[in-house]
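Here is the structure we will look at, set down as structure tokens.
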Amino acid sequence: MSENMLPPKLPVIEIVKEAFQGAYFHFNDMVRIVWLPTLLYVVLNVYISQQTAGALEPSLFLVMAFIGSTFLWAMMAVAWHRRILTGETPTDFVYFKFGRNEARFVLITIMLTLFYLPGILFLVMSTGLSGEDIQSMMAGVEPALQPENVSVAYLMLGYALLFVAFHFSVRLSLLLPSVAIGEGVNAAKIINLTKGNFWRLLGAMLLCALVVLFAVNIVSAVVASLLFAIGLGEAEVILIINIIISLLAIFALVVNVAVLSIAYRRLSQDADSTFA
């Protein structure tokens, strides 16, 4: 796309429709090409869900599980982005690759998260909390906050920075499919591609998320009712529900990857292939 040309407007409904159709018809294929990372990802997420549901103190293994799931997610997402955008499918029976593209994917994910740090810091500063108060909060003890200690200026600046971070994290999320197919980290290119498409890109993301969240809640409620009806205990029901949610999360992740890939392809004006 020429730099003088305005990027096309993203068709939100078409993107969401293609993402769900593609995820539905190609789900088995998408899981098959990265079956080992997917299996390990599900196991780690079930473990994390069980640990956090039990309100246990964070352990070293739990932290390692979070880190491991992040790296596994990068392996899965990069393979899926490449499958959607380039048609490339790993031929190895066991695909377990973490290379340059996956490393960049993780770094971009961390960068998008760190965008929110300045805003969060100003919100914390606006409360007038001391270092001891913050340590108490991290330990689960609520400090006594005095309304007169709140700084309106810091509060407004914190919210403004969070909005700016949110705005650019949504637009720069298209760096993820870009680095997945080996095009490198070119933030200026992505900012130019997404010009005038923030709300459309956000709309596609939110619409997909709402549909998936609705489906997960319905399925979880129905399955939980059936399991309790046949006499299973609470612990067994929670374990089974966590497994089902983790499996549904894989489908949601495929949809999420598809939305970003389709949006990136359309904004790059490369409409030669479709995912549906």
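Every number in this note's numbering is 184 more than the matching position in the sequence shown, counting from 1.
Beta carbons: idealized from backbone N, C-alpha and C, even for Gly.
Going by C-alpha positions, A408 is about 41 Å away from A344. The Cβ atoms of I199 and T270 lie no closer than 8 Å to each other. Its Cα nearest to that of R266, the residue M214 stands out among M214, F255, F299. Three or more beta-carbon pairs drawn from the segment 256 to 265 and the segment 353 to 373 are found closer than 8 Å, and the two stretches are therefore classed as touching. Exposed is the label assigned to V336, since fewer than 16 other Cβ atoms lie within 10 Å of its Cβ.
In the structure shown, N370 falls within a coil segment according to DSSP collapsed to helix, strand and coil. Residue environment analysis places Y208 among the exposed positions, since fewer than 16 neighbouring C-beta atoms fall within 10 angstroms of its C-beta. G342 carries a helical assignment under DSSP once its states are collapsed to helix, strand and coil. Taking a cut-off of 8 Å for Cβ pairs, the segment 214 to 226 and the segment 399 to 415 do not touch, as fewer than three such pairs fall below it.
Taking C-beta separations shorter than 6 Å and ignoring five residues to either side along the sequence, the partners of A349 in its chain run F299, Y300, G303, following chain order. DSSP places V395 in the helix class (H, G or I) of the three-state scheme.
Counting C-beta atoms within 10 angstroms of its own C-beta, E420 has fewer than 16 neighbours from the protein chains shown and is therefore classed as exposed. The way I'd put it, the segment 276 to 286 doesn't touch the segment 373 to 390; fewer than three beta-carbon pairs between them come closer than 8 Å. The beta carbons of F280 and L220 sit closer together than 8 Å. At least 8 Å separates the beta-carbon of V354 from that of F398. Annotation: the segment 205 to 230 contains the following complete segments of the alpha helix (DSSP H) (minimum length 4 residues), in chain order: 211 to 217. Listed in chain order, the non-local C-beta contacts of A433 below 6 Å within the same chain number zero, local neighbours out to five positions each way being set aside.
Leaving aside the five residues that flank Y225 on each side, the residues in its chain whose CB is nearer than 7 Å to its CB run, in chain order, S253, L256, W257, M260. Across the structure, H351 and L246 are spaced so that their CA atoms are roughly 31 Å apart. Under the criterion of beta carbons closer than 8 Å, L358 and L377 qualify as touching, at roughly 7 Å.
Distances from the CA of Q205 to each of V400, L341, C392, Q453 were compared; the closest alpha carbon is that of C392. Annotation for G303: the continuous alpha helix (DSSP H) segment containing it runs 301 to 310. 8 Å or more divides the Cβ of I268 from the Cβ of A436.
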